[in-house]
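Asks:
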Amino acid sequence: MNEEIKQQPWGGLNQVFSEREDVANLGNAGEITTIPTEAKRVGNEHPSVPIEPAISPPPIAEIADTRSARARRWTPLQSITVSGFKAVKKAVIPLSSVTILVGPNGCGKSSVLQAIHWAARAASYVLPKNTKEMISFERLDYVPSSEPLTTLHNGELKTDAQSTPVEIVFTHRPVGEESSQATIRIRAARNRGGITVYMDGGSAVTPYKQRFQFITTYIPGLAGLSERESILAQPTLRRQAASGDAGGVLRNILLNLRSRKQGEEDDSQGLERLAKLNELVNQVHPGAQVNVAFDEREDYHISATLRTDDLLNESPRVLRRLHFLRKWSHEQEQQVFP
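Here it is in structure tokens:
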């Protein structure tokens, strides 16, 4: 299984964690492959598919950006160190524009990604002038396990300030002769109904203490789609998407992409985002068109469609096959249960 970490060149770090097919080893946490920053475009001969007009979804409320100039400053990461989380005793991950963790199943690749995302999300709850914060599990928009306190490597998180924590160290590239790193430690809260987050690093921790911009994103593979989806609140949507149930909220994610954001005058930017998504999808699946719609006055569920040229051409044949399979299944049931 390959795990991928990307550092985007624009403001702030948006690290995308994705899972792919088996290949490889975190093992000593030293076998890291770096991919060139230039990416080749595939399938440029296929233009993006036009978006069908639909009733405008309701605008999505967003948090105002109240960050200070210091909080907005971000320098690229040089490495991340994960200690004491699940299968990882200690792993030092040197980073480039794109970093791939390589290793066999069970070696700790997913554990590294989960620890990084958990630490970054937990740190966002710490108030700007504080160095620690107690957070209940209900408030957290991401937890790496149904029993988060058992995620300590070969142990369980304790409340004692001297106990062994889950520790993540974000080391930034030095600016001149000055180097900086932010250390995030996670222990159990006093009532064991949450966690206590401790932060060290001086000014380096400031960009982490905000909830306007996501520092990290963890994207597990889609495990299956739900039959229907209703509108979800943003915290619920983020928790489900990052907790292995992304397939169950895919329509909500598409609707958020398509919807008018706070501060946007009309739907044009939402349509542009959906058109961009279709352009990217067409590079892999030429002729595919993704669309989503929701009318808050009439709809109970979100409507999302995926159309492809192949599917449209094969529709009569597919329907005949489905009819044959249903007929055969009914005949088998009659033989077993006459």
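Counting with the working numbering, you get residues 615 to 952 for the letters of the sequence shown.
Positions of the beta carbon are idealized from the N, C-alpha and C atoms, including for glycine.
(1) Less than 8 Å between the CB atoms is what I'm expecting for Arg571 and Asp755, so what's the real figure, rounded?
(2) So what does DSSP say about Ile861, is it helix, strand or coil?
(3) What are the boundary residues of the alpha helix (DSSP H) that Val898 is part of?
(4) Mapping DSSP to helix, strand and coil, what is Thr695?
(5) If I follow the unbroken alpha helix (DSSP H) through Thr850, where does it start and stop?
(6) Go ahead and pull the three-state DSSP assignment for Lys746.
(7) Just to confirm the assignment, what range does the beta strand (DSSP E) spanning His786 have?
(8) Anyone know if the C-beta pair for Val696 and Met813 falls short of 8 Å?
(9) Should Val811 and Ala736 be called a contact, given that it needs their Cβ atoms to be closer than 8 Å?
(10) If you draw a straight line from the alpha carbon of Gly698 to that of Arg911, how long is it in whole angstroms?
(11) Identify which residue in Val906, Asp881, Glu879 and Asp880 has its Cα closest to the Cα of Asn892.
(12) When the Cβ atoms of the segment 791-807 are set against those of the segment 773-782, are three or more pairs found closer than 8 Å?
(13) The beta strand (DSSP E) with Val706 in it runs from where to where?
(14) For Thr773, which residues in the same chain have their Cβ closer than 8 Å to its Cβ, ignoring the five residues on either side in sequence?
(15) Using the rule of at least 16 other Cβ atoms within 10 Å of the residue's Cβ for burial, across every protein chain shown, is Tyr914 buried or exposed?
(16) Thinking just about the alpha-carbon of each residue, which of Val706, Leu727, Arg825 and Glu841 is nearest to the one in Gln848?
(17) If you reduce the DSSP assignment to three classes, tell me which class Asp923 lands in.
(18) Tell me where the alpha helix (DSSP H) around Leu727 begins and ends.
(19) Which residues does DSSP list as the beta-bridge partners of Ala802?
(20) Quick one: what does DSSP say Leu763 is sitting in, helix, strand or coil?
(21) Once the 5 residues before and after Ser777 are set aside, which same chain residues still bring their CB inside 7 Å of it?
(22) To the nearest angstrom, report how far apart Ser873 and Asp881 are at their CA atoms.
(23) Do Gln728 and Tyr822 have their CB atoms nearer than 8 Å?
(24) Nearest to Ala775 by alpha carbon, out of Lys746, Ala796 and Glu761?
(25) CA-CA distance, Leu902 and Leu894?
Replies: Let me lay it out:
(1) Any answer about residue 571 is impossible in this case: the structure gives the chain only from 615 up to 952.
(2) One point to set straight first is that residue 861 is Gly, not Ile, in the sequence displayed. Note: Gly861 maps to helix in three-state DSSP.
(3) Ser882 to Val898
(4) In the three-state reduction of the DSSP assignment, Thr695 falls in the strand class, which pools E and B.
(5) Gln848 to Ala856
(6) strand
(7) Val780 to Val789
(8) no
(9) yes
(10) Rounded to whole angstroms, Gly698 to Arg911 spans 50 Å at the Cα level.
(11) Val906
(12) yes
(13) Val702 to Pro708
(14) So the list reads Arg801, Ala802, Ala803, Arg804, Arg806 and Thr810, once near-sequence residues are dropped.
(15) exposed
(16) Nearest option by C-alpha distance: Arg825.
(17) helix
(18) Lys723 to Ala737
(19) Ala802 is bridged to Ile809.
(20) helix
(21) Arg801
(22) 7 Å
(23) no
(24) Lys746
(25) Note that residue 902 is Ala in the sequence shown, not Leu. Rounded to the nearest angstrom, the two C-alpha atoms are 10 Å apart.
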